[in-house]
Each structure stands twice: as C-alpha cells, then as structure tokens.
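Structure first, commentary second.
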Amino acid sequence: MTGALEDKRTATRLRILVEIADRQPAVSQGEIADAVGVTSQAVSEYIRELVEDDYVEKEGRSRYRVTKEGVDWLFQKVKDLRRFADHVTDDVLESVQEDAAVAAEDVSAGKTVTLSVRDGLLHAAPGSSGPATGVATTDAEAGDDVSVTGFEGVIEIGPGRVTVVQVPPARSGGSSAVEPSALETACDGADVVVAAGVEAVVALRKAGVESETAFAAGEVASAAAERGLDATVVATADLVGRVTDALRDGDALYEVTEAARVEEDGR
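Counting in UniProt numbering, the sequence shown runs from 1 upward without gaps.
So this is what it looks like as structure tokens:
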C-alpha cells in the first residue's frame, strides 16, 4: 500500500495539511473538520502535531502556514498517490477495461483476438497466436473499429526516436536560410513530421514536406515515439526548448540538430 494510504491517520494528516495549505494563513478548524469529516477537536490535535513536526508554523490565533518541510512532505505523499493510481490504472484495471482497435480481418463478438500495434495504432486479428490477446465485444469487418476487453499478455513496442531540427528565427533569415533539399532529407524516413513555429512551417512547405500538425509539436512527437514511431520535429530555434521539455517529460529518446543553411552550399 502506498505511504499516503498506509493507515487512516496518515491519510487524515495529509488531507488536513492540504486544507491548511489551501486556506492559509487564516485557517478555520471548523471548516477543515467539515471538509475532512472529523471533529474540530481532532483537527486541533492534528494541527498541534503538524506544528511539532515543523510541517506547519503558527503565526497567531487561527493563523497558520505550511513550511517548506511540510510542502516537501506533501509532494512526496502526492507522488506516492500518483504511483499508486498509475499502478491501479495500468496494472489492475488494464485487464478489465475496454479499448478500441482496428480490425485487421473480420472479427466476431465474443471471440479471442491477437493484439498488435501497427503505425502506432492497436490492431486486432482473429485467434490467439500472438503474445497479447483480448476478447472482442463487437462485430467488425476488416478495417473497422472493434471494441476489445479482457487483455492478457504484453505487446512489445520498441520506443521510437525523435529528431529535432532547428531552423533559424525570421530575424536571422528564417526559412530562407534553410536548404530545402537538406531539410527534405532530414525528414525522410520519419513516420511523423511536426512543426513548431511559423518559420518551421514555411521551411517544410518549401521543402515539399507535409507536417502532421503545427501545434503541441513536442507532445505529439513524444506520443508518437511512445507508440514506436520515429518522429522529426522541425522547430524554430526560439521554440526548441519548449519542444525538448515536452520530450523529456515523456521520456522520449531525442537528438537536436541544426538545419543545413543555404550559405553552406555556396551562397
């Protein structure tokens, strides 16, 4: 059991500290008691302990503030709760939830299907020959969407890689400073190409490369990589940091390069 839920007292202590943080500095113990579902006397006792543990400091009558130590404790307990929630979602509920897949062949409701990922999408085919299986809950013809439940096994998906190609901002030449053929080569072979910034959009157009989107480029590329697809993000230099932040948040493998400039070919 996660630390934040290991016993009722710890859980109540967490909730009361959150209420203090939300209401500080003027704290009504009666309002906290109503929110948490305990008596005002119990809230008073919990607050006294929190002050003794240096998680809360008292500034005056009914005035309290959560200390740095208290904030750190809250962050740790919330992380514990998040890990527990992820475990419940990913490991416990995954086998009983329903999800949609593309029918690789005609599928009948109630039949076992083999699951695989193609082009980043879940596919279902009749039979149980693969390492991951489920049970179709709807009929579907090949190419249609089918609902699947009762997941068993693991679908092996190798992580995709992301290449971030920087183009200069407009004040430094923008798309006109980028060699179109070199940018086309940089995008060649990518399963997904996305753009970040006007300069990137225009540079891709000049190179004859179509991008999937010009919005949330880092998040899109990260999601694609998670599904085993290789992605190229063409981004103006001003937005590269925002893109790489999203890639790091998604634990995506990535590298950053600069687009070849026209000047390098003799201009």
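By construction, the Cβ of each residue, glycine as well, lies at the ideal position given by its N, Cα and C atoms.
Quiz item: What are the boundary residues of the alpha helix (DSSP H) that includes Leu204?
Solution: 198-207
Quiz prompt | Supposed contact pair Gly134 and Ala124 - C-beta distance, whole angstroms, cut 8 Å | solution = 7 Å
Quiz item: Would the beta-carbon of Asp191 fall within 9 Å of that of Ala231?
Solution: yes
Exercise. Confirm, please, whether the CB-CB distance from Thr112 to Pro126 is below 9 Å.
Key: yes
Quiz item: Applying the criterion that 16 or more other CB atoms from any shown protein chain within 10 Å of the CB defines a buried residue, is Leu253 buried or exposed?
Solution: exposed
Exercise. Using beta-carbon positions only, say whether Ser116 and Ala132 come within less than 9 Å of one another.
Key: yes
Quiz item: Which of helix, strand or coil does DSSP assign to Arg161?
Solution: strand
Practice problem: Confirm, please, whether the CB-CB distance from Val167 to Val193 is below 9 Å. | Solution: no
Quiz item: Could you give the C-beta distance for Val262 and Val178, rounded to a whole number, given that I count them as a contact under 8 Å?
Solution: 7 Å
Practice problem: For chain D, find out if any of its Cβ atoms is closer than 9 Å to the Cβ of Gly228; answer yes or no. | Solution: In the structure shown, chain D does not exist; there is a single protein chain.
Quiz prompt | Chain-order list of residues whose beta-carbon lies under 6 Å from that of Ala140 (same chain, five-residue window excluded) | solution = Ala103, Val107, Val146
Self-check item: Cβ separation of Ala186 and Ala100, assumed to be a contact under 8 Å, to the nearest whole Å
Solution: The pair is not a contact, with the Cβ atoms about 34 Å apart (cut-off 8 Å).
Practice problem: Taking only the alpha-carbon atoms, compute the straight-line gap between Ala33 and Val66 and give it to the nearest angstrom. | Solution: 18 Å
Exercise. Take Asp245 and list the residues in its own chain whose beta-carbon comes closer than 6 Å to its own, dropping the five residues that flank it on each side.
Key: none
Quiz prompt | Nearest to Ala136 (by Cα), restricted to the options Asp72, Glu98, Gly160 | solution = Glu98
Self-check item: Cβ-Cβ separation, Leu229 to Gly160 (assumed contact under 8 Å), whole Å
Solution: 4 Å
Quiz item: Is the beta carbon of Ala235 sitting closer than 9 Å to the one on Val164?
Solution: yes
Quiz prompt | Neighbour-count burial assignment, Asp249, 16 or more Cβ in a 10 Å radius | solution = exposed
Quiz item: If you run the structure through DSSP and keep just helix, strand and coil, what is Glu52?
Solution: helix
Exercise. Please list the segments of the alpha helix (DSSP H) lying wholly inside the UniProt domain "HTH arsR-type" (9-87), counting only runs of 4 or more residues, in order along the chain.
Key: 29-36, 40-52, 68-87
Exercise. Counting only the same chain and skipping the five closest in sequence on each side, list residues whose C-beta sits under 7 Å from that of Pro25.
Key: Glu59, Arg63, Tyr64, Arg65
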